[in-house]
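In terms of our numbering, the sequence shown opens at residue 1480 and continues consecutively. C-beta atoms are modelled at their ideal positions from N, C-alpha and C, and glycine is treated no differently. The structure appears below as structure tokens.
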Amino acid sequence: MIDYKDPKYTSTERANALLSLMTNEEKVGQMMPLAYKFMTREEALEWAKKGLGSYLHVLGDNADELQRTAINETRLGIPIIFGIDCIHGHALNEYATVFPTQLTMAQSFDREAMRKCGRVSATEVRCDSLHWTFSPVFCIGRDTRWGRINETFGEDPYLIGELGAAIVDGYQNNFVDNSCIMACAKHYIAYGESVGGRDAYDSMVSERMIRETFLPPFQKAAKAGCKTYMTGYQSVDGVPMNSNRRLLREVLKEEVGVDGFVITDWANVRSLIENQKVCDNFEDASRVSIDAGNDMIMQTEEFYDATLKLIENGQVDMKHIDDSVFRILKAKFDMGLFEHPFDKPDRSKICCDEHVAVDLEVTRESMTLLKNDGVLPINTKKIRKIAVIGPNADDLEAQYGDWSCGAANGHRKPATSMLKGIKKRAKKVGIEVIYKKGCDIEKPGKRGFDAAIKAAKESDLIIAVMGDYIELNGEYKSRATLDLPGEQTALLMELKKTKKPIVLVMVNGKPLCINWEAENMNAILETFNSGMVGGTAAAEILFGDVNPSGKLPISFPRTAGQVPVHYNYLPGWHGGKYKDIEEGPLYPFGFGLSYTTFEYSDLSVSKTEFTEADGEIIVTAKIKNTGKVKGTEIAQMYIHDVVGTVMRPVLELKGFERVDLDAGEEKTVSFTLPIEELKVVEQNLEKALEKGDFEIMVGGSSVDLPLMTTIKAV
Ligand code: BGC
């Protein structure tokens, strides 16, 4: 007989041994995470005694108290997993490191930086007794009206998969020590595709499209060993994800193969009854949720009694319950929770210098220069006075973005607003900075215009810091319009009349339709939600200490009516044109300027004809820094499958590398192209390599691909 407490056995052996000892009540308890903030302390302790598997959003001493109760006051002493939304840093601790949001960090195209950020966040979260984050988001962000665009890595499945897998690896780090946490790939699947960009609606996508576009990032998560997956709020083709047996149990769990477990999103079981109306009571909703493949049921207390009743009446397949509980227990054993339930890193790690340095490094890489007529970097000899103007110049909440839960109010030394960053840097070279807010985003009005115009007239340069604010981004915060909100453009128009050069620094959660600004500003720096050290990084770029290297992970529409406007669209007769606007996005995917220039040459491929057995193709090219300053280029490799049995996207990103180059330096960049990436999901839903030509293109953005060659599958 295997003793489940004995670490000499494998996690699988221990989980099976423990499962065989459990009562139905103990099993159902393990399947439930409840949110601490919605109960009294006493209720939470009661649930711990009943053997609750997990709690959400509780930390430190409160979590430790529950853990002690679970271990000492339950028959089997199964430890609890504490989960949190550590989305871009540990948001429940206002002293923790706040990274840029996922969309912001995606501009870095930097896998290693993602891994490092994952490591930092995991360590800080573990300090507070937490073991699990509901991150990263593997959703594809194509409809920019959607409120949760800021949580995605942008619009491209390849980029999302690569960066997401890297951060998963950073969080989990093979559970080698007490600084590791479980990741959660969410929200399964096609959640961002919800019709009209409305949150938690229906995603009208076929299974073929799911397999071709939306599944690959989750496959990369599974390959990276991601322990948990979250079921989306929405429905796919009229079937709520929570009851979608086909996509959840059959495709994700059985076919992709998940070594871990699936958790529903918040109260999804209740939603089957109250919103989606496919069930009319909790027993039914619990039954279909279990049957569909959900292992943990988030925040639905009714699940406990309902499921026990289902078991008693033989209305639920006990095999499914056992499989779910096994998966949960195995994850707890894999994490070492039975051996070290209270083990945590030293608290001095929270926002330590080393972590702030990781944050600053990624933040510098996560800003994209969209326009520059030469006004940047700031000429510190000529410019003696700068007017910083705009509602987001001194607004940490807007800068931090969604899921930072009050961190902007935290007492944190490194926290640097755009204004603070610019002031500090300007002071070093004796430049005077004056600040006027000019207008408010939430409360429109022109009262602040005069003071802002006066400040502008007295200065040599205007840095306008504008964008959106927290109420226009996040869950249930979709927008029907995508313009710069409030009076911001009106203020810019007035400032333009002063004839002073204007640099626009954007602080916002998603691409905005900044057509007038694109025409009329001298320079535009997109910083999205750059987190705690955003002001430092932006100032370094504005003053030329750091050469901007970010590229857009998402296309910028010209108007909301143009979305989706992603680069990897399917070809068609009309080419996606509209009569009343210019064709194509305002700023395309992969685009971003530098203070230097790069030249590409010498494209070569390891094979011009290939079969599946070749495994991969190596693509190389030379890149030269042809400018006067050192810089980093994000070299991008795209493919185009020339003819397919189903339509092929006009372009597909399949490789990217960051290349650091001194002025005049040339390097060879190498991309590995797995043959798997060239496969097509055919009409029968099977993936196959189809014979024929593939164009391979390399360059600096989806619209700037100077190198091209053709390879052939034979
Ligand atoms: C969100 C999830 C999140 C969960 C737990 C839900 O409302 O959709 O992304 O992980 O809450 O806080």
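- In the structure shown, the three-state DSSP call for F2007 is coil.
- The stretch 1841 to 1857 makes contact with the stretch 2019 to 2029, as at least three CB pairs between them are under 8 angstroms.
- Taking a cut-off of 8 angstroms on C-beta distances, the stretch 1702 to 1718 does not touch the stretch 2166 to 2179, as fewer than three cross pairs fall below it.
- Checking the DSSP bridge columns, you'll see T1786 has no partner listed.
- DSSP places N1551 in no beta strand (DSSP E) but in the uninterrupted alpha helix (DSSP H) bounded by 1539 to 1552.
- Distances from the CA of N1495 to each of R1605, S1803, K1529 were compared; the closest alpha carbon is that of S1803.
- Secondary structure note for F1805: its alpha helix (DSSP H) is the uninterrupted segment 1797 to 1813.
- When only Cα atoms are considered, A1887 and K2101 end up about 44 angstroms apart.
- DSSP places N1851 in the uninterrupted beta strand (DSSP E) bounded by 1847 to 1851.
- Per the Cβ contact rule, the stretch 1914 to 1933 is not in contact with the stretch 1596 to 1606 (fewer than 3 Cβ pairs under 8 angstroms).
- A straight line joining the alpha-carbon of T1847 with that of D1801 spans about 49 angstroms.
- In the three-state reduction of the DSSP assignment, T1692 falls in the helix class, which pools H, G and I.
- Annotated as distal: D1770 and D1738, with beta-carbon spacing of 9 angstroms or more.
- Under the three-state reduction of DSSP, R1958 is assigned to coil, being neither helix nor strand.
- Residues V1748, L1751, I1752, C1758 of the same chain have their beta carbon placed closer than 6 angstroms to that of A1764, with the five preceding and five following residues left out of the count.
- Only residues of its own chain outside the window of five on either side were considered, and among them I1865, V1912 have a CB closer than 7 angstroms to the CB of A1905, listed in chain order.
- In this structure, the C-beta of M1661 stays at least 8 angstroms away from each heavy atom of the ligand BGC.
- A Cβ-Cβ distance of about 5 angstroms is found for the pair P1923 and G1965, placing them in contact under the 8 angstroms criterion.
- Counting C-beta pairs closer than 8 angstroms gives fewer than three between the stretch 1504 to 1517 and the stretch 1480 to 1490, which falls short of the contact rule.
- Across the set I1829, T1779, L1498, the C-alpha of I1829 shows the shortest separation from the C-alpha of G1568.
- The stretch 1614 to 1627 and the stretch 2113 to 2130 do not touch, with fewer than 3 CB-CB distances between them shorter than 8 angstroms.
- For S2149, the closest alpha carbon among the candidates F1697, I1932, K1788, L2082 is that of L2082.
- Residue state for V1986 is assigned as strand, using DSSP reduced to three classes.
- Look at L1513: its beta carbon is at least 8 angstroms from all of the heavy atoms in the ligand BGC.
- For Y1879, the enclosing alpha helix (DSSP H) covers residues 1875 to 1879.
- Counting the other CB atoms within 10 Å of its CB gives Y2046 a total of 16 or more, which places it among the buried residues.
- Contact between M2126 and G2013 fails: their C-beta atoms lie close to 41 angstroms from each other, not under 8 angstroms.
- Under the three-state reduction of DSSP output, C1884 falls in the coil class, being neither helix nor strand.
- Residue pairing from DSSP places W1611 in a beta bridge opposite G1562, M1661.
- The beta carbons of T1583 and N2008 sit closer together than 9 angstroms.
- Of the other Cβ atoms in all chains shown, 16 or more fall within 10 Å of the Cβ of T1842; this residue is therefore buried.
- For W1995, the shortest C-beta to heavy atom distance toward the ligand BGC is 8 angstroms or greater.
- Here the distance from the Cβ of Y1712 to the nearest heavy atom of the ligand BGC is below 8 angstroms.
- Its chain contains E1844, S1845, M1846, T1847, E2005, F2007, G2029, K2030, L2031, P2032, G2071 as the residues whose beta carbon lies nearer than 8 angstroms to that of Q1586, once the 5 sequence neighbours on both sides are disregarded; these appear in chain order.
- Taking the Cα positions, A1836 is about 22 angstroms away from T1612.
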